[in-house]
Amino acid sequence: MLDLNDPFAVLKKFYIDFGYHKIVKSCNTFFITLYSLAYALQIYYLIYHFTPDIIQKYSLALLMSIYLLSTLIFSAVYEKTILQTYDMFIRVAWPHTNVSQKLETIIQKRVTIIKILNNFFVSAICVMCVFNMPLFGDQSDFLLSIQVFGEYFGDWSFIPSFFYYLGFSILGYNAARMLFILLYGVLHLEVQILLINELVSKFSEINTLDDFGNEEYQSCVYTILCDCITHDVVLKKIMSDLSRKVQNGIPIFLIVLLFCLISLFFFTLTYMGTLSFIMQFRMVAFLLTIIVVIFSYSMVGQHLLNQASLLFDELLKCPWYVWSTNNHKIYQIFLLNSIRPIKIIYAGVCLDGGFFLSMTRITFCNAYMLKQLRDS
Numbered sequence: 001m002l003d004l005n006d007p008f009a010v011l012k013k014f015y016i017d018f019g020y021h022k023i024v025k026s027c028n029t030f031f032i033t034l035y036s037l038a039y040a041l042q043i044y045y046l047i048y049h050f051t052p053d054i055i056q057k058y059s060l061a062l063l064m065s066i067y068l069l070s071t072l073i074f075s076a077v078y079e080k081t082i083l084q085t086y087d088m089f090i091r092v093a094w095p096h097t098n099v100s101q102k103l104e105t106i107i108q109k110r111v112t113i114i115k116i117l118n119n120f121f122v123s124a125i126c127v128m129c130v131f132n133m134p135l136f137g138d139q140s141d142f143l144l145s146i147q148v149f150g151e152y153f154g155d156w157s158f159i160p161s162f163f164y165y166l167g168f169s170i171l172g173y174n175a176a177r178m179l180f181i182l183l184y185g186v187l188h189l190e191v192q193i194l195l196i197n198e199l200v201s202k203f204s205e206i207n208t209l210d211d212f213g214n215e216e217y218q219s220c221v222y223t224i225l226c227d228c229i230t231h232d233v234v235l236k237k238i239m240s241d242l243s244r245k246v247q248n249g250i251p252i253f254l255i256v257l258l259f260c261l262i263s264l265f266f267f268t269l270t271y272m273g274t275l276s277f278i279m280q281f282r283m284v285a286f287l288l289t290i291i292v293v294i295f296s297y298s299m300v301g302q303h304l305l306n307q308a309s310l311l312f313d314e315l316l317k318c319p320w321y322v323w324s325t326n327n328h329k330i331y332q333i334f335l336l337n338s339i340r341p342i343k344i345i346y347a348g349v350c351l352d353g354g355f356f357l358s359m360t361r362i363t364f365c366n367a368y369m370l371k372q373l374r375d376s
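Residues 1 to 376 in UniProt numbering are what the sequence shown spells out, letter by letter.
See below:
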C-alpha cells in the first residue's frame, strides 16, 4: 500500500535518518580522520619518491579515493544545511492526501524506479567492496597505500590496511547517499509541481463566457492563482537558498570528480591490456559505476526541469479570456514566472542532460590528449 504522507520514505530512512545517526556520524568522523592521514602519508611518499611512472600508476586510485572522501566530508559539512532544507520543505509542502488517481499512479511508478536504483547501487557497492579485498588478488600495483603502509609501519601494516579496506563500504555508501538525497528532494519537488498542475487544470472545468460576471467563480480563480503562484515562489526560494549555501563546496567537489574521471579513462586507455583479469574487472566496475553516477545526476536534474516546464504548458490551457481584469494580471505574472522553471543550479553548474555530455566530452578529450603526450 502506497504511503501518500511520504511515498519515498525508504530514501529518507536509509540515506538521511540512518546516515545522520550518532553512531554512523562517529564512524564517518573516524574514517575521515583515517583517510585524511593516509592520503597525507601517500602524498608525502610520492614527493620523496617522485617519478613520472609512479604518478601514472597510482594517481588514479588516489584521486578516486579522494573523490569518495570528498563525498563523505561534503555530507558531514552540509549536514545542517540538508536537514534545515528538509524541515523548511516539510513546513511549506502541500499534503499528498486526496491526490488524483493519475498522480497516485505516477508516484507509484517513481517508487518502483527508486527501488530498482537503490538495489542497483547497494549491489554495486557490495560487489566492489568484496572484489577489492586482498582475498581476490594483490593490489600493490593499484593501491599506493599497501606500499606506503608496508614501508612506514613494517610488521604492523596489517592494522591500518584492515581499517583502510573496511572503510571502502563507508565511502561507497556516502557516494551513493549524496545522489539519493538529491533524488529524494527532486521527487518531492516533482510531486509539488504536479499538485500545482492539478490545481491549475481545474480552471478548464468551467470555461464559458457566462462565468465572466460570476463573482463566486472569479473569487475561486483568484484564490487558486494566489495559492499556486505563492507555492511556486516558495519552492524556488528553497532551491535558491540551498544553492547559495553549498556554492563554495560544489566547485571543489566537481573539480575532484573531473580529475578522477580523466585519470580513470587515461589509466584504462594506457594500462588495461597489461592488467590481470581481476584488475580488469575492477577497472570496468569502477568505470561503469562512475558513468552511471554521473548519468544519474544528469537525468535527475533533467527530469525535474522537464516536469517543472509542464507548468507553463498547463497555464496556457487556462481559460484566461473569461477571467476578470485582476485575475488576468495575476495570471500574466504567474505565466512569466513559470518561464523560469525550477532547476538544480549549483555554483553556476546546471544539472541537466547537457551536464553528462559536457563531463564526458571533457573527460575523453583530456584523457586522450594525455595518452598522446605519453606515447610521443
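Note that the Cβ used here is the ideal one computed from N, Cα and C, for glycine as well.
Original post:
Hey, quick one: how far does the alpha helix (DSSP H) through residue 195 stretch, first residue to last?
Top reply: 158-201
Subject >> Contacts around residue 269, its chain only, beta-carbon distance under 8 Å, and the 5 residues preceding and following it disregarded >> reply: 367, 368 and 371
Subject >> Close beta carbons around residue 337, own chain, < 8 Å, minus the five adjacent residues each side >> reply: 229, 232 and 233
**OP:** Inspect the beta-carbon positions of residue 167 and residue 31 and report whether they are closer than 8 Å.
**Re:** yes
Subject >> Cβ neighbour criterion (16 or more within 10 Å) applied to residue 300 >> reply: buried
Original post:
Does the region 57-74 come within contact of the region 248-259, defined as at least 3 CB pairs closer than 8 Å?
Top reply: yes
Original post:
Around the Cβ of residue 354, are there at least 16 other Cβ atoms within 10 angstroms (buried) or fewer (exposed)?
Top reply: exposed
Original post:
Is the region 279-292 touching the region 114-131 in the sense that three or more CB pairs, one from each, lie closer than 8 Å?
Top reply: yes
**OP:** Go to residue 150, then tell me how far its alpha helix (DSSP H) extends in each direction, as first and last residue.
**Re:** 144-153
**OP:** Given a cut-off of 8 Å, decide if residue 148 and residue 68 are closer than it, judged by their beta-carbon atoms.
**Re:** no
Original post:
Taking C-beta to C-beta, are residue 304 and residue 198 nearer than 8 Å?
Top reply: no
Subject >> Euclidean distance between Cα positions of residue 77 and residue 185 >> reply: 18 Å
**OP:** Would you mind giving the Cβ-Cβ distance between residue 106 and residue 187, rounded to the nearest angstrom? I have them listed as a contact below 8 Å.
**Re:** That pair is no contact at about 10 Å.
Subject >> C-alpha distance - residue 246 paired with residue 74, whole-angstrom precision >> reply: 9 Å
Original post:
Can you tell which of 52, 109, 34 and 24 has the C-alpha that lies nearest to the C-alpha of residue 7?
Top reply: 109
**OP:** Give me the Cα-Cα distance between residue 310 and residue 255, rounded to the nearest whole angstrom.
**Re:** 33 Å
Original post:
For the alpha helix (DSSP H) that residue 111 lies in, which residues bound it at each end?
Top reply: 101-131
Original post:
From which residue to which residue does the alpha helix (DSSP H) around residue 81 run?
Top reply: 79-92
Original post:
If we count the other Cβ atoms within 10 Å of its Cβ and call it buried at 16 or more, is residue 17 buried or exposed?
Top reply: exposed
Original post:
Do you know whose CA, among 294, 183, 88 and 152, lies nearest residue 37's CA?
Top reply: 152
**OP:** Tell me whether residue 96 sits in a helix, a strand or coil according to DSSP, three-state version.
**Re:** coil
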